[in-house]
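Chains as they are written, first to last, in my numbering: chain A, 138 to 354; chain B, 138 to 354; chain C, 138 to 354; chain D, 138 to 354.
Here is the structure we will look at.
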DNA sequence: TAATAATCGAGACGGTACGTCACGTCTTGGA
DNA sequence: TCCAAGACGTGACGTACCGTCTCGATTATTA
């Protein structure tokens, strides 16, 4: 999204005139937003509260972010570089997926849960944020799955017709479902089940060709 | 949940004193809520707008519903009786699942989409609504899957260890994921993929016993 | 002006539905506005401060008044009925004018001064308020002069061609001038001077006819 | 006032170090302020708008002027030298006063009106500006009247007891009154009326001595 | 020919108040 | 009892200007 992009650009080497953006304010805003979100919940996360806690004017927030959700998104993506290339590489598809999913499930069932629930809820009300969220955080998560599947294809663990995008849906879909709907726990057993289900689905080579024929019937 | 329950009770034959509840107002409120949600989106759905459009006082709304989301939920559950016993019975697991999923996906990609997106978003902010939504609509959807799987087990299409709950997660999880995140279309191809993935996962009998052993390693 | 008019009407016999306007809030708002104006000055008179001091919501203020100046105007005009028919009647033009001007000058050089200075200043920035101010307060003041002059004409103290409107300008103009510009005191001597000047101007019968001729030259 | 004074001094030959003040910026600022005031009104006259229109930084404005009103005042006083010694000298009191008032009234009823209305309004909110305005522009205007009256006294047209200050009040007071209150037009007829009223008031020799006696009664 | 000094544009900053929106509650009179 | 109308206190919204504060660049005088 434009706002967040500008923010990052303006903090990068800045050849332009005028007082430079305050890195201190930016940090205080992001920290305040996360603090309020984690402690008081998303309902309490509003611009006035963030500004007050960060000792910052509302205008400064609005100058760089379109809404509180964008601040949270930036807080999450700012951590990402450290996690980059984080696609685990254990040598086996099952190992990789478990290495990916178990920490994910663990984080979402504790402190990360409320954050993602809030951002997904916000996505339903704000199309501009939805796009930013989808193309940054969510896309990054899906990309990891795609990388894992690609390696498994090279190793011959799954056929080349295997649909990596479907795999990402089969992993993150149910996780999201349990996170948002709360009908069952996000626990280890669930992680194992998801991995198994995803692997057998990837190995099932019907996907491409045969399916098209069926649909045509 | 209490409010919605009262609503239904109060419409049933009830010998209480005073002026009876206006069925006309109830209908107008529900229709207005759905109209606003479908046309102007979740962000525009508020009590004030519903009251204005329904020609009803805000008080009347607050008397019978706890929030706009409960109105929408009532609109959906009021339609349910007509769809009840909707678990399709084609004679095969694949047929049943397709019969279930294809219309679901079709509805969600058109007029039902905004409605479910709104209710799930609301669930993240309101725990009381979340419970109502989960135990009514969502539970009903999952129950259909469970019935289909049970029949498949009786037919011997899938082992008795097959996890019907996981099957529901594998079906509705990815659907929800695409609905909420919008990274890919909710189309026919997706429905076929989901059905295939779910079936191979159900047939994979590792699920229960072996898994526990692995986790213990 | 519409806002102020409605306010008065709605406090009068009200045959309409809905919760009636709170006379208590109205009183608290007007009193708070006057208190702030008298103690902290016009610069400190803003809607937020009035609302806070009156224990009232901003919305309630905006519902009935277009700006703080209108509240002050209502405070002044609400006192007017008590002063109505206040055109003094001493039996002589000079007596009447003195009876009118001396208290005016005295009030403006003490507590009324800041109030009128504020309202006139506001009139320069807000055309809608300017009209309200002119047609209520200012018009009432001018009307008193007109009544005094009319009686003097009947008594034969001044010719019938005497211009009562000009008399009002000659009285209130210089008073306003000193009030706003502050180049000299608003004192008793000034009141006497104004009365004398106004009287001789009224007796000077050139006004109408001869002037037109001159202008045509 | 200090700011404005500095402004003028700093433009005069001054051997201070550093980059000299930009005459170009000063001109642009003054012109922009006048343009906004004349076209968009007093309410739209703010530093931000002036800076934007002049293509100048806000800092530059704040460095040389204390508020927008001072800029306007400087715009008017910068024109004054050209008008200096403007006390008309037609040989008769009436001629002089007409020569003075008619152009004044004409200017105020067209382009000068908004300007003076703004400055007088500002004077009510800012005591420091009020003093600057009173002792520069307003004092100059009053001085002209005093000079005219002095010549009339030498000619014997009015007694030596005639109060020139009162004359200035009788002229500028009503003009200001109509300008600010807008209850009647600033036209030729009004100019004639004012002149006549002022002359008869000046000729009425009661003013000083007798009045004191009356007041003591 | 530097060093010093003041100004300039640009533009971000902490503030204050604005006027609006929706909330959920509360009187009214009437059905 | 319920209903519509609609006023009420509350809290947050996003915006407009305020006056101040860096920046890098520019243009003078002084050493």
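Ideal Cβ positions, reconstructed from N, Cα and C, are used throughout, including at glycine.
Where residue 319 (chain A) and residue 274 (chain B) are concerned, what is the direct C-alpha to C-alpha distance, given to the nearest angstrom?
Each residue's Cα considered, the two are about 13 Å apart.
Indicate whether at least one CB of chain D lies closer than 7 Å to the CB of residue 234 (chain C).
Not an interface residue.
Quick one: Cα of residue 297 (chain A) to Cα of residue 339 (chain A), how far?
Whole-angstrom Cα-Cα distance: 9 Å.
Which first and last residues belong to the alpha helix (DSSP H) in which residue 197 (chain C) is found?
Start and end: 195-201.
Are three or more beta carbon pairs between the segment 228-241 of chain B and the segment 162-170 of chain B nearer than 8 Å?
No, because fewer than three Cβ pairs between the segment 228-241 of chain B and the segment 162-170 of chain B fall closer than 8 Å, the two stretches do not touch.
Secondary structure at residue 310 (chain D), three-state DSSP: helix, strand or coil?
Helix.
Spatial neighbours of residue 223 (chain A) within its chain, please: CB distance less than 8 Å, with the 5 preceding and 5 following residues excluded, ordered by chain position.
A distance below 8 Å between beta-carbons, with the five flanking residues on each side excluded, links residue 223 (chain A) to the following residues of its chain, in chain order: 281.
Excluding the 5 residues flanking residue 155 (chain D) on each side, which residues of the same chain have their C-beta closer than 7 Å to its C-beta?
Nothing listed; no residue qualifies.
If we count Cβ pairs, one from each stretch, closer than 8 Å, do we get three or more for the segment 235-255 of chain A versus the segment 232-250 of chain B?
The segment 235-255 of chain A is not in contact with the segment 232-250 of chain B.
Using a C-beta cutoff of 7 Å, does residue 253 (chain B) count as contacting chain A?
Not an interface residue.
Thinking C-beta only, is residue 310 (chain D) closer than 7 Å to residue 179 (chain C)?
In this structure, residue 310 (chain D) does not lie closer than 7 Å to residue 179 (chain C) by Cβ.
Taking the alpha helix (DSSP H) that residue 327 (chain C) belongs to, which residues open and close that run?
Annotation: the continuous alpha helix (DSSP H) that includes residue 327 (chain C) extends over 325-340.
Would you decide whether residue 196 (chain D) is buried or exposed? Buried here means 16 or more other CB atoms lie within 10 Å of its CB.
With fewer than 16 other CB atoms across the displayed protein chains lying within 10 angstroms of its CB, residue 196 (chain D) is exposed.
Three-state secondary structure assigned by DSSP to residue 278 (chain A):
The answer is helix: DSSP assigns residue 278 (chain A) an H, G or I state.
Looking at the C-beta of residue 310 (chain A), does it have a partner C-beta in chain B at a distance below 7 Å?
Interface residue, yes.
Would you call residue 279 (chain D) buried or exposed, if buried means 16 or more other Cβ atoms sit within 10 Å of its Cβ?
Sixteen is the threshold: when 16 or more other Cβ atoms of the shown chains lie within 10 Å of the Cβ of residue 279 (chain D), as they do, the residue is buried.
I'd like to know if residue 265 (chain D) contacts chain C, where contact means its C-beta is closer than 7 Å to some C-beta of that chain.
Taking Cβ atoms only, chain C never reaches closer than 7 Å to residue 265 (chain D), which makes this a no.
On the premise that residue 256 (chain D) lies in contact with residue 209 (chain D), defined as a C-beta separation below 8 Å, what is that separation, rounded to the nearest angstrom?
A Cβ-Cβ separation of about 6 Å places residue 209 (chain D) in contact with residue 256 (chain D) under the 8 Å criterion.
DSSP on residue 250 (chain C), reduced to helix/strand/coil?
In the structure shown, residue 250 (chain C) sits in a helix (DSSP, three-state: H, G or I).
Looking at the C-beta of residue 271 (chain A), does it have a partner C-beta in chain B at a distance below 7 Å?
With respect to chain B, the C-beta atom of residue 271 (chain A) has a partner C-beta closer than 7 Å.
Range of the contiguous alpha helix (DSSP H) that encloses residue 245 (chain B):
Segment 230-245, the alpha helix (DSSP H) holding residue 245 (chain B).
Give me the chain A residues within the contact set of residue 286 (chain B), using Cβ-Cβ distance strictly less than 8 Å, ordered along the chain.
For residue 286 (chain B), no chain A residue has a Cβ inside 8 Å of its Cβ, as the nearest lies near 14 Å away.
Are at least three pairs of beta-carbons, each pair with one atom in the segment 322-336 of chain B and one in the segment 257-271 of chain B, less than 8 Å apart?
No: fewer than three Cβ pairs fall under 8 Å.
So which residues of chain C does residue 258 (chain D) contact, with C-beta pairs closer than 7 Å?
For residue 258 (chain D), the C-beta contacts it makes with chain C under 7 Å involve 258, 261, 262, in order along the chain.
Rounded separation between residue 276 (chain B) and residue 234 (chain B) - CA only
Here the C-alpha atom of residue 276 (chain B) lies approximately 17 Å from the C-alpha atom of residue 234 (chain B).
Could you list which residues in chain C have their beta carbon closer than 8 Å to that of residue 320 (chain D), in chain order?
Under the 8 Å cutoff, chain C gives 271, 275, 276, 279.
Residues in its own chain within less than 6 Å of residue 304 (chain C) by CB, not counting five upstream and five downstream?
By the criterion of a C-beta distance shorter than 6 Å, residue 304 (chain C) is surrounded in its chain by 282, 286, 335, 339, once the five residues flanking it on both sides are discounted.
Pull up the distance between the alpha-carbon of residue 356 (chain C) and that of residue 159 (chain C), whole angstroms please.
Not covered by the structure: residue 356 (chain C). The range shown for chain C is 138 to 354.
DSSP three-state call for residue 317 (chain D): helix, strand or coil?
In the structure shown, residue 317 (chain D) falls within a helical segment according to DSSP collapsed to helix, strand and coil.
According to DSSP, is residue 154 (chain A) part of a helix, a strand, or is it coil?
If DSSP states are grouped into helix, strand and coil, residue 154 (chain A) belongs with coil.
Chain-ordered chain B contacts of residue 314 (chain A) [CB-CB under 7 Å]:
Chain B residues near residue 314 (chain A): 306, 309, 310, 313.
Please classify residue 295 (chain A): does DSSP put it in a helix, a strand, or coil?
Residue 295 (chain A): coil per DSSP, three-state reduction.
Should residue 177 (chain B) be flagged as near chain A, meaning a C-beta pair shorter than 7 Å?
For residue 177 (chain B), the answer is no, since every Cβ of chain A falls outside 7 Å of its Cβ.
Which residue's Cα is closest to the Cα of residue 261 (chain A): B:263, B:252, B:325, B:265?
Among B:263, B:252, B:325, B:265, the Cα nearest to that of residue 261 (chain A) is on B:252.
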